[in-house]
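Q: Here it is, the structure, as structure tokens.
Protein chains: 4
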Amino acid sequence: MSTLKALFLNCTLKPSPAISHTEGLARKVIEWFDTMDVESEMVRVVDYRVPTGTSSYEGEGDEWPVILDKIKAADIIVMCTPIWFGVRSSVCQLVIERLDGTYQERNAAGQYPLYNKVAGVVVTGNEDGAHSAAETTLFNMTHLGCTVPPNADTYWVGDAGPGPSYLDVGQDSLYTKRTTRWMAHNVVHMARMLKANPIPAEGNTFAEEEEHQPHGG
Amino acid sequence: MSTLKALFLNCTLKPSPAISHTEGLARKVIEWFDTMDVESEMVRVVDYRVPTGTSSYEGEGDEWPVILDKIKAADIIVMCTPIWFGVRSSVCQLVIERLDGTYQERNAAGQYPLYNKVAGVVVTGNEDGAHSAAETTLFNMTHLGCTVPPNADTYWVGDAGPGPSYLDVGQDSLYTKRTTRWMAHNVVHMARMLKANPIPAEGNTFAEEEEHQPHGG
Amino acid sequence: MSTLKALFLNCTLKPSPAISHTEGLARKVIEWFDTMDVESEMVRVVDYRVPTGTSSYEGEGDEWPVILDKIKAADIIVMCTPIWFGVRSSVCQLVIERLDGTYQERNAAGQYPLYNKVAGVVVTGNEDGAHSAAETTLFNMTHLGCTVPPNADTYWVGDAGPGPSYLDVGQDSLYTKRTTRWMAHNVVHMARMLKANPIPAEGNTFAEEEEHQPHGG
Amino acid sequence: MSTLKALFLNCTLKPSPAISHTEGLARKVIEWFDTMDVESEMVRVVDYRVPTGTSSYEGEGDEWPVILDKIKAADIIVMCTPIWFGVRSSVCQLVIERLDGTYQERNAAGQYPLYNKVAGVVVTGNEDGAHSAAETTLFNMTHLGCTVPPNADTYWVGDAGPGPSYLDVGQDSLYTKRTTRWMAHNVVHMARMLKANPIPAEGNTFAEEEEHQPHGG
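Protein chains in written order, with this note's numbering: chain S, 1 to 217; chain P, 218 to 434; chain L, 435 to 651; chain G, 652 to 868.
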């Protein structure tokens with residue numbers, strides 16, 4: 001059983017070395033990955049110079065290609081985002097926008113380059129917004145080619161309104177510990193399945209556009 | 218290769234025999250399934266008496282158990298919803314709420330009963346709201362145990378504002394035809410993979426809750 | 435200063451006399467209204483027979499017209515919804531869908547009939563989803579003609595994952611008490627303003643469609 | 652009747668002088684404002700150096716304070732955003748995150764500094780996502796203190812899937828022209844009302860926190 005590669009994209013607003021609660025929860029996932037022959041890498045996106053745009057290269061000084069190479073080399077992509085105003089962070093949205101550029105590429109089978117990768121999400125906030133952040137992000141990742149196994153998200157949020165954050169008070173949450181465990185295992189189970197049996201290039205490429213409609217549909 | 222079962226839950230607001238544009242698009246998916254040894258069944262939820270609630274049986278006259286049995290027997294569940302006011306229909310939300318009852322059950326491996334099933338969505342509206350309807354629905358389905366392969370949604374919507382619907386003007390949309398084809402194939406590919414190799418009951422059950430934390434985590 | 439009328443539409447899934455946590459929080463708003471010469475009425479929608487649909491009358495036995503009359507008579511409409519699967523309830527969605535019927539009517543000035551009414555929302559859940567439920571609902575209400583003053587929502591949710599509900603543990607939340615107070619006051623301030631100075635029928639009716647474009651636009 | 656000031660925050664991803672379809676639609680709103688004694692200013696946010704963060708000043712080189720001053724001086728704030736992946740742009744999210752800093756300030760009456768300002772939104776995309784972008788943004792603005800009148804959004808989106816954009820094919824949309832007109836007029840009507848009669852500082856400030864609960868609540 002070969003080692004899998006997992007890439008964590010931490011979409012906190014705060015450059016290193018500021019503490020990141022989202023990274024705190026992501027590291028719990030890494031602890032699980034460490035028990036399952038998965039090699040994990042953490043990237044704090046805001047530490048890189050990533051201009052806004054929707055292509056894979058936005059000109060001189062653009063460091064997105066460095067991150068994109070890591071994404072392409074990974075079997076598992078874990079999007080990690082804080083919640084701001086009830087939704088995912090601007091950095092997370094920026095990452096998704098830049099991934100638009102991958103729609104211009106194909107893998108060897110003619111599919112989008114993120115096919116056969118597995119997506120998971122980690123969300124933290126001092127309050128409300130985890131479902132919104134997770135659902136938008138996982139859905140976007142399926143559009144880009146990723147597979148989402150069951151229970152592929154873990155999050156921690158506190159009660160209504162401002163309050164303490166995950167590393168302050170959330171680490172003992174039974175629910176968050178459970179979903180962290182489930183998420184960690186399910187993305188790995190699925191990544192191993194896809195490594196052994198990639199999604200066949202049947203019915204899901206552009207090449208088939210003309211020739212392949214039922215009933216002339 | 219055994220025959221797969223696909224269940225389409227049409228969440229239109231209109232009882233039969235009113236025309237349903239959402240069913241119109243769902244039938245395009247069925248055309249593809251017909252070419253892939255998949256047996257399809259269409260259920261128009263509003264034709265059944267399904268009271269609101271979050272359990273699997275809400276008392277005398279509740280016909281949800283009939284639908285739930287079909288869901289449990291299916292390998293592929295395709296949620297089909299129109300858009301109203303920018304989001305999925307009340308009937309779709311009702312179905313999801315009733316599925317809350319399945320959280321009380323386990324499959325033979327100790328997982329949620331929807332594990333190893335695959336989810337897809339079909340959305341139509343005369344305008345805007347498909348991403349919202351699809352993302353919320355697919356995410357909910359992963360919480361319930363389903364797997365979501367890449368490009369697992371197909372939708373048709375028209376320009377901004379009220380206007381004609383899918384069966385009126387949408388059937389020639391290249392984008393919708395493409396995503397229909399991709400969705401149909403990918404949910405089948407994934408269902409075959411999960412049939413051959415179910416997600417192992419490792420790290421994703423309640424039984425393991427106490428015994429199974431890394432570093433005492 | 436005349437008495438204002440406030441209508442609370444409680445969109446819980448549970449018929450009376452089941453306890454409703456959402457109603458529990460709504461009643462805190464009513465306590466404030468009682469101090470401000472506002473007459474409050476609470477309607478539990480699920481106690482009425484309201485079939486799905488998008489017109490104001492869906493045929494024999496439809497009790498929506500009873501509720502719609504109350505809506506039209508109110509100065510303030512407070513939508514009250516629990517969270518299920520991260521979003522507003524199916525009953526809340528049903529109410530919004532039925533309000534689609536009001537798009538066919540006009541007030542005396544030629545505007546939508548909900549013009550000059552004020553909307554607020556009350557949301558409770560044992561966890562995450564309040565922003566989503568509130569934002570969708572308030573936005574829909576503005577489309578229908580309502581005005582939304584600042585801080586027009588109040589909600590209570592608990593930590594990540596299942597847990598106790600508002601009436602169990604939420605009543606002392608400083609944040610929820612504050613937002614309840616702000617919401618209650620601001621919807622009343624705005625309702626008084628609109629009663630004294632209705633939004634003029636200039637630029638916001640259909641009658642002007644043809645005659646009234648700048649630069650022929 | 653005094654002149655009102657309107658600030659348009661264009662949250663396109665593209666720096667000047669690239670064409671912005673979102674600005675194209677915003678300029679239709681400005682045409683209306685020009686007929687109503689409203690002075691309009693357009694700011695393309697990405698032309699400024701605005702680092703991520705949630706305070707009003709993120710250190711040397713941060714140009715957000717320039718934009719924030721314009722926001723504070725405006726009576727009407729129109730958030731203008733393109734749709735990417737079904738939701739508002741990263742730049743729009745960034746603006747909202749930076750406005751978090753205003754929660755630390757009060758106006759002369761003790762309210763949030765954006766009280767008595769009116770918010771509207773302009774959204775364009777080649778397809779689906781306008782409701783999501785508009786609802787999240789308007790809701791956030793009400794949290795920050797703005798009032799949202801009826802029909803305060805205008806948008807244009809095309810059919811499902813990639814395709815031409817607003818300035819290419821959308822300018823003749825009757826629906827978009829209508830909502831542009833309604834939005835333009837209603838934000839002005841409301842801004843004039845709030846200028847004449849600001850929301851009283853009763854029940855909506857922090858100062859009252861301790862002293863002012865009904866029934867000791």
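Using N, Cα and C, we set each Cβ at its ideal position, and we do this for glycine too.
So with Cβ pairs under 9 Å, would you call L/L438 a contact of chain S?
A: No, L/L438 does not count as interfacial toward chain S.
Q: Flag P/E275 as yes if its beta-carbon sits less than 9 Å from any beta-carbon of chain G, otherwise no.
A: So no, P/E275 is outside the interface.
Q: Since G/L676 meets chain B, which of its residues come closer than 9 Å, beta carbon to beta carbon?
A: Among the chains of the structure shown, chain B does not appear; the protein chains present are S, P, L and G.
Q: Within the chosen definition, does the stretch 57-64 of chain S reach the stretch 718-726 of chain G through at least 3 CB pairs nearer than 8 Å?
A: Touching, no.
Q: What does G/H782 touch in chain P if you count any residue whose Cβ is under 8 Å from its own?
A: Those within 8 Å of G/H782 in chain P are F302, G303, V304, D345, G346, S349.
Q: On the three-state DSSP scale, how would you describe S/I199?
A: Note: S/I199 maps to coil in three-state DSSP.
Q: Taking Cβ positions, are P/L226 and P/V312 nearer each other than 9 Å?
A: Contact: yes.
Q: At what residue ranges does the stretch 765-803 of chain G contain a whole run of the alpha helix (DSSP H), taking only runs of 4 or more?
A: Qualifying alpha helix (DSSP H) stretches, in chain order: 781-795.
Q: Return no unless some Cβ of chain S is closer than 9 Å to the Cβ of G/V808.
A: Not an interface residue.
Q: Our contact map puts L/S607 next to S/D159 with C-beta atoms below 8 Å; I'd like the distance itself, whole angstroms only.
A: Contact holds; Cβ gap of about 6 Å.
Q: Tell me the DSSP bridge mates of L/S474?
A: L/S474 pairs with L/A440.
Q: Among S/W84, S/G101, S/D75, S/T54, which has the Cα closest to the Cα of S/L13?
A: S/L13 has its Cα closest to that of S/W84, out of S/W84, S/G101, S/D75, S/T54.
Q: Report yes or no: do the stretch 545-561 of chain L and the stretch 572-580 of chain L share at least 3 C-beta pairs separated by less than 8 Å?
A: Cβ pair count under 8 Å is three or more, so yes.
Q: Alpha carbon to alpha carbon, what distance is there between P/A369 and S/A191?
A: Looking at the two C-alpha atoms, the distance is approximately 18 Å.
Q: Just curious, the alpha helix (DSSP H) that L/V500 is in, first and last residue?
A: Per DSSP, L/V500 belongs to the alpha helix (DSSP H) from 498-507.
Q: With DSSP collapsed to three states, give me the class of P/G433.
A: With a pLDDT of only 38 at P/G433, under the threshold of 50, the placement of this residue in the model should not be trusted; the figure read from the coordinates follows. Looking at P/G433 - three-state DSSP - the assignment turns out to be helix.
Q: Quick one: residues in its chain with C-beta nearer than 6 Å to the C-beta of S/A26, no 5 flanking neighbours on either side, listed in chain order?
A: Counting only Cβ-Cβ distances below 6 Å, and skipping sequence neighbours, we find F8, C80, V122.
Q: Have a look at S/V157, S/T102, S/I30, S/D75 and flag the residue whose alpha-carbon is nearest the alpha-carbon of S/A196.
A: Of S/V157, S/T102, S/I30, S/D75, the residue nearest in Cα terms is S/D75.
Q: Taking its Cβ as the centre, do 16 or more other Cβ atoms sit within 10 Å of S/Y48, making it buried, or is it exposed?
A: Counting Cβ neighbours within 10 Å, S/Y48 comes out exposed, since fewer than 16 surround it.
Q: Measuring straight from C-alpha to C-alpha, what distance separates G/A835 and G/V680?
A: One C-alpha to the other measures close to 6 Å.
Q: By the three-class DSSP mapping on this structure, what secondary structure does L/Y482 have?
A: Residue state, collapsed to three classes: coil.
Q: Quick one: which chain S residues come within Cβ less than 7 Å of P/M410?
A: Within chain S, the residues near P/M410 are M193, N197.
Q: Taking a Cβ distance cut-off of 9 Å, strictly less, list which residues of the stretch 147-178 of chain S are near chain P, in chain order.
A: The stretch 147-178 of chain S vs chain P, Cβ under 9 Å: T147, V148, P149, P150, N151, A152, D153, Q171, L174, K177, R178.
Q: Identify whether S/C92 lies in helix, strand or coil by the three-state DSSP scheme.
A: S/C92 falls in the helix class under three-state DSSP.
Q: Which one or two residues does DSSP pair with G/T869 in a beta bridge?
A: What is shown of chain G runs 652 to 868, which leaves residue 869 of chain G out entirely.
Q: Straight-line CA distance for L/P584 to G/Y763?
A: In a straight line, the C-alpha of L/P584 is about 10 Å away from that of G/Y763.
Q: Pull up the DSSP beta-bridge partners for L/L590, would you.
A: Looking at the sequence itself, residue 590 of chain L is Trp, so the reference to Leu does not match. L/W590 pairs with L/T558.
Q: Measuring straight from C-alpha to C-alpha, what distance separates G/I850 and G/T798?
A: Distance between the alpha carbons of G/I850 and G/T798: 10 Å.
Q: Counting along the chain, where does the alpha helix (DSSP H) carrying S/T35 start and finish?
A: Note, S/T35: premise wrong, no alpha helix (DSSP H); not H, not E.
Q: Drop a sphere of 10 angstroms on the beta-carbon of P/V304, count the other beta-carbons inside from all chains shown, and report buried for 16 or more, exposed for fewer.
A: By the neighbour-count rule (16 or more Cβ atoms within 10 Å), P/V304 is buried.
Q: Cβ of P/G378 within 9 Å of Cβ of G/R829?
A: Closer than 9 Å, so yes.
Q: Does any residue of chain P have a CB that is nearer than 9 Å to the CB of L/F573?
A: So yes, L/F573 belongs to the interface.
Q: Check the DSSP bridge columns for S/V87 and list the partner residues they point to.
A: Answer is S/W84, bridged to S/V87.
Q: CA-CA distance, G/N728 and S/E23?
A: Sequence check: residue 728 of chain G is Ile here, not Asn. In a straight line, the C-alpha of G/I728 is about 35 Å away from that of S/E23.
Q: Enumerate in chain order the residues of its own chain whose CB-to-CB distance from G/H866 is below 7 Å, with the five nearest sequence positions on each side excluded.
A: The predicted model places G/H866 with a pLDDT of 46, which falls under 50 and marks its position as unreliable, so this point remains unresolved.
Q: Counting only the same chain and skipping the five closest in sequence on each side, list residues whose C-beta sits under 6 Å from that of G/D751.
A: Hits under 6 Å: T705.
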